[in-house]
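Positions 2 to 315 (my numbering) are the ones given, in order, by the sequence shown.
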Amino acid sequence: MSVHTALFRRLFLINGLVFTVGTLVLALSPATVSSPVVLTELPVLLVGLAVILAANALLVRTSLAPLGSLATLMQRVDLLHHDDRLTDGGNGDLAHLISTFNEMLDRLEAERNAASAHALAAQEGERQRIARELHDEIGQSLTVVLLGLKRVVDRAPDDLREELRGVAEGVRSSLDEVRGVARRLRPGVLSDLGLHSALTALSSEFSQASGLPVTRRVEVPHGLDGDVELVLYRIAQEGLTNVARHAAATRAELTLGQEQAGLTLRIRDNGRGGVTRDGAGIRGMRERALLVGARLTVESPPGEGTEVVLVVPA
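The structure is reproduced here in structure tokens:
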């Protein structure tokens, strides 16, 4: 049976019930109506009509109330927020409509997660390729240029030696920048030394680049899945980047450890706060969190800083 047919049947039964009860009341009550209607009988008729209409409106409104909640959910639904489900089961045929809508959201969310996983995997692969080319090709080329400049400096006349040393220093600085970009694109320390060392190096590099001190407390459980480690690292990286770009903070805090809800990552700052909408960075973090079944929340009271919390269930 279609939803349209079921809804029609429900309204028909409600109205039929109301009018049947009204008819029985008029038939069994001592009230009578003359023909033509006497003026003194009009109040009785109006009161009876008002009672029937009020009862009908109450029953119809109660029966269709879940549709209002469903329409509200349709307007605000976001597949990145798994809590966007209608918990009011309704009654009768509307319960089937609501459960069907929730199942549709589950299917859309699963499809989005699969597409996001594919896109992020491709993104990680592209990052590794670019990082490898930066390190192996551009890095090696700059190294050759630096060694050549060093030999030229040793044989150059005194009046050119200082200038050539300045050029060599510029090349060395560019080489360091290229290596830094390659490390950010492909955290080799994550695969070589593990998540603890990777987060330690990330915090140190962030402090050196931004000038903000980072308080760090990291406890990594044994046997953590590689995908979870990568998600934790990327979200910590994006969280600290957001602190440097938007928070206007003077310090930051990075913690990772096992809590009652699960493995919890927190990035907190003492900046301006007041984040009310998800930007591209936060939405990217939410997409990564969904890949490992984690939950990401952002608390940002105005003037009290921002805290990003990622909970990976046990």
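The C-beta atom is built at its ideal place from N, Cα and C for all residues, glycine as well. Here the structure is a predicted model, which means the values were calculated and not measured.
Asked: Option nearest Val145 by Cα separation, candidates Glu134, Ile268, Leu176, Arg162; Found: Leu176
Asked: Beta-carbon gap between Gly240 and Gly272 smaller than 8 Å; Found: no
Asked: Buried or exposed by the 16-neighbour rule on C-beta atoms within 10 Å, applied to Ala51; Found: exposed
Asked: Best match in Asn57, Met105, Arg152 for proximity to Met75 [C-alpha to C-alpha]; Found: Met105
Asked: Member of Arg246, Pro314, Ala111 whose CA lies at the smallest distance from the CA of Ala262; Found: Pro314
Asked: At least three beta-carbon pairs within less than 8 Å, the region 217 to 225 to the region 174 to 189; Found: no
Asked: Nearest to Arg187 (by Cα), restricted to the options Val154, Gly212, Ile131; Found: Ile131
Asked: Nearest-angstrom Cβ-Cβ length linking Leu121 and Leu292, presumed shorter than 8 Å; Found: 7 Å
Asked: Gln209 versus Asp107 - alpha carbon distance; Found: 44 Å
Asked: C-beta atoms of Arg252 and Leu194 nearer than 8 Å; Found: no
Asked: beta-carbon Gln124 near the ligand MN non-hydrogen atom, thresh 7 Å; Found: Ligands in the displayed structure: none, and consequently the ligand MN is not present.
Asked: Member of Ile268, Arg113, Ala245 whose CA lies at the smallest distance from the CA of Tyr327; Found: For residue 327 there is no data in the structure shown, the boundaries of the chain being 2 and 315.
Asked: Glu300 versus Glu164: straight-line alpha-carbon distance, rounded; Found: 52 Å
Asked: Cross-strand partners of Thr265 (DSSP beta bridge); Found: Gly258, Val312
Asked: Buried or exposed (CB count within 10 angstroms, at least 16 for buried), Gly274; Found: buried
Asked: Selected residue, minimal CA-CA separation from Arg113, among Leu196, Arg284, Gln259, Glu288; Found: Glu288
Asked: Pro302 beta carbon less than 8 Å from that of Gln259; Found: no
Asked: Strand pairing of Ala253, partner residues [DSSP]; Found: Val215, Asp270
Asked: N- and C-terminal bounds of the alpha helix (DSSP H) containing Thr298; Found: Taken as a continuous stretch (DSSP letters only), Thr298 belongs to no alpha helix (DSSP H), being part of the beta strand (DSSP E) at 296 to 300.
Asked: Which listed residue (Gly224, Met286, Leu148) has its alpha carbon closest to that of Gln1; Found: In the structure as shown, the chain starts at 2 and stops at 315, and residue 1 therefore has no counterpart that could be examined.
Asked: Residue span of the alpha helix (DSSP H) that contains Asp155, given as start and end; Found: 140 to 156
Asked: Three-state class that DSSP yields for Val244 in the structure shown; Found: helix
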